[in-house]
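Worksheet: one structure, shown below.
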Amino acid sequence: MSGNVFKDTAGSVLTKRINKADVLPTIKWLETVTGLELTDHLLGTTGKNATSGDLDIAIDANEVDKNEFATKLGEYINKQGGNPKDWIKKSGISVHFKTPIKGDDALGYVQADFMFGERDWMKWSMQGGKEGSPYKGAHRHILLASIAKAKGMKWSFQNGLVNRETNEIITKDPNEIAKKLLGQMASPKDLESVEAILNVVTRLPDYETLVADARETLAKDGVELPKAAQIESYATGTPAWFRRMMEATK
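For what it's worth, this note's numbering labels the leading residue of the sequence shown as 19, then goes sequentially.
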């Protein structure tokens with residue numbers, strides 16, 4: 019949710035970005051509050067980049083009930099003399115918690131997003147962008163959705179590949195997803211980031227068709243995908259078009 023759920027009456031966001039060094043101590047504090055092991059279940063770029071806009075944490079929905087979890091957090095806030103409505107929000111598969119950094123209110127707050135589902139699946143499907151990359155985790159989902167659409171399917175970060183007509187799940191196996199989207203030689207690693215996807219899809223003869231939707235959507239945010247004519251060599255090293263893009267962002 020990009021850390022913007024909690025706001026004051028004037029609309030100002032009450033949480034802030036958290037430094038990488040503060041992520042683990044804050045997660046450890048959350049473990050004492052929730053009674054759950056959380057350290058090994060961080061999602062996206064949480065704890066990987068220099069700063070994070072929020073803390074995305076996977077919770078196994080088969081082991082922990084979302085509503086009961088929110089109630090437990092509310093009980094904790096009540097004991098601290100606070101109003102749970104000011105500290106806890108629910109949306110979709112998530113419970114959002116206004117979290118004191120390192121457990122210390124004086125350090126300010128970061129938004130923690132506890133996301134309920136199949137934990138291992140979420141850790142793969144919700145990978146974030148690489149540090150320093152012009153592409154974010156959301157851009158990866160847009161690109162995956164574009165490729166899936168061109169192949170008559172839909173991409174869902176919750177359900178994997180889905181039939182466009184019936185909404186029935188086709189597969190949630192990362193190996194199968196890679197092969198259906200990028201070809202029989204593809205593997206899950208080829209879907210880990212926008213760069214990884216482009217490294218494969220730009221070699222395909224129908225590249226422009228596969229990325230057409232993504233190109234249009236990303237352009238609205240000022241994000242460009244390479245055109246087929248710009249692509250040089252992917253044999254070794256960093257593609258020339260990507261080096262140029264990185265230089266332009268400096």
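The C-beta atom is built at its ideal place from N, Cα and C for all residues, glycine as well.
Quick check on the burial criterion: 16 or more other C-beta atoms within 10 angstroms. Buried or exposed for residue i?
i: P244; result: buried
i: T220; result: buried
i: I75; result: buried
i: A124; result: exposed
i: T33; result: buried
i: G178; result: buried
Would you kindly work out how many angstroms separate the C-alpha atoms of residue i and residue j, rounded to a whole number?
i: I45; j: L56; result: 7 Å
i: L222; j: L228; result: 9 Å
i: F87; j: D104; result: 16 Å
i: A68; j: F175; result: 25 Å
i: E194; j: K97; result: 48 Å
i: D72; j: N185; result: 31 Å
i: A196; j: M140; result: 16 Å
i: N101; j: G29; result: 18 Å
i: G21; j: N37; result: 14 Å
i: I165; j: S109; result: 28 Å
i: F134; j: A237; result: 31 Å
Which one or two residues does DSSP pair with residue i in a beta bridge?
i: W173; result: L179
i: Q129; result: K116
i: F134; result: I77
i: T189; result: L179
i: N37; result: T69
i: V51; result: V51 pairs with nothing; no bridge assigned.
i: I106; result: F115
Is the distance from the Cβ of residue i to the Cβ of residue j below 7 Å?
i: G62; j: G121; result: no
i: I119; j: D40; result: yes
i: K107; j: V31; result: no
i: K148; j: S211; result: yes
i: K167; j: V180; result: no
i: I160; j: T235; result: yes
Closest by CA to residue i, which one among the options?
i: V51; options: K172, S174, Q176, Y94; result: Y94
i: P43; options: G155, V128, S112; result: V128
i: L209; options: T117, D224, L162, K103; result: L162
i: K169; options: A124, T117, Y225; result: Y225
i: H157; options: R35, V241, K66, L179; result: V241
i: A79; options: T33, T89, A130, S112; result: S112
i: F132; options: I187, N85, K207; result: N85
i: W142; options: G53, K167, L54, H59; result: H59
i: K154; options: L48, A204, G53, T64; result: T64
i: F115; options: E136, S205, T89; result: T89
i: R35; options: G92, G53, I77, T117; result: T117
Mind checking whether the beta-carbon of residue i lies closer than 6 Å to any heavy atom of the ligand MN?
i: G100; result: You won't find the ligand MN in this model; it holds no ligand whatsoever.
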